[in-house]
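Take a look at the structure set out below.
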Amino acid sequence: MRLLILLNATCRHVSSFHSFNSLHLPKLCDGGILLTFLGQMEPSTSDTNFQKIEEKDEELLAYAQEEFQSFQGAENFNRIAAKVIAVKATTNRLTCELTVENEHVNTKGTLHGGQAASLVDIVTARAVGLSVRDKGMASIEISLSYLSPVKLGDQITIEATVLKCGRNVAFTDCEFRQKSDGKLCVKGKHTIAILPGQPPVINGKAQLY
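Using UniProt numbering, you'd call the opening residue of the sequence shown number 1 and step up by one each time.
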């Protein structure tokens, strides 16, 4: 495994990083530290229960729709995706739609940048979750480019693609497009850690995200 460490100020102490599988995630020190993982992560030798789900597209779509419907009564931050509708799903791609409403926009009447970032986070994680349902996940890195404003009342498609998914990490990208003409508005990337061990279960549902 290769590891690139970028320091933007003098740091008195950096925690040991001998294994990604041990989940020794970096702590911020005085000036801050950014760690970016490059290349393929070493496979876990203890993760013998890792498996990918293989289902028909209509079954995958039904699973995704159930996930987003569950946000409608959510009290946690996932509630911001309550009005996202899953419309198409395959093992490596999830397509959703959203009509931009007042709760999604900033003071200029356009899609809030933080809202867009959260949707990239949520939709890409659910795209990975279409085939990986027995492991928890956590964000390693997320980035967005805002290419064109999305206005109040616009209908957009949000398409998340799983570029690569191994035992320890998944690489995804995400595009927001105007439904009317396909114009690209937001492009995001999200690198996701697949956590070892079994995720916690609350009310009979595994907490993957």
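For glycine and all other residues, C-beta sits at the position ideal for the given N, C-alpha and C.
query: Measure the C-alpha to C-alpha separation of residue 204 and residue 67 and round it to an integer number of angstroms.; result: 14 angstroms
query: Measure from the alpha carbon of residue 165 to the alpha carbon of each residue in 87, 143, 137, then state which is nearest.; result: 137
query: List, from N- to C-terminal side, the beta strand (DSSP E) runs of 3 residues or more that fit wholly inside the region 84–136.; result: 85–90, 93–99
query: When DSSP labels each residue in this structure, what does residue 159 get in the three-state scheme?; result: strand
query: Residue 58 lies in the beta strand (DSSP E); which residues open and close that run?; result: Per DSSP, residue 58 belongs to no beta strand (DSSP E); it is in the alpha helix (DSSP H), 57–70.
query: If you draw a straight line from the alpha carbon of residue 197 to that of residue 130, how long is it in whole angstroms?; result: 18 angstroms
query: Between residue 28 and the rest of its own chain, which residues show a CB-CB distance below 7 angstroms, the 5 nearest in sequence each way excluded?; result: Note that residue 28 scores 40 on pLDDT, short of 50, meaning its location in the model is unreliable and no value can be drawn from it.
query: When you compare each of 127, 70, 78, 155 to residue 191 by their alpha carbons, which one comes out closest?; result: 127
query: Need the endpoints of the beta strand (DSSP E) that residue 82 sits in, please.; result: Looking at the DSSP string, residue 82 is not in any beta strand (DSSP E), and its letter there is neither H nor E.
query: I'd like the span of the beta strand (DSSP E) that includes residue 177, first residue to last.; result: 169–178
query: On the DSSP bridge assignment, give the partners of residue 138 in chain order.; result: 193
query: Less than 6 angstroms between C-beta atoms, sequence neighbours within five positions excluded: which residues of the same chain meet that for residue 84?; result: 68, 96, 98
query: Given a cut-off of 9 angstroms on the beta-carbon distance, is the pair residue 144 and residue 188 in contact?; result: yes
query: Per the DSSP calculation, residue 144 is bridged to which residue(s)?; result: 188
query: Per DSSP, residue 150 forms a beta bridge with which residues?; result: Paired residues: none, contrary to the question.
query: Exposed or buried, which one is residue 102 when buried takes at least 16 other CB atoms within 10 Å?; result: exposed
query: What residue from 183, 75, 87 has the CA that sits closest to residue 63's CA?; result: 87
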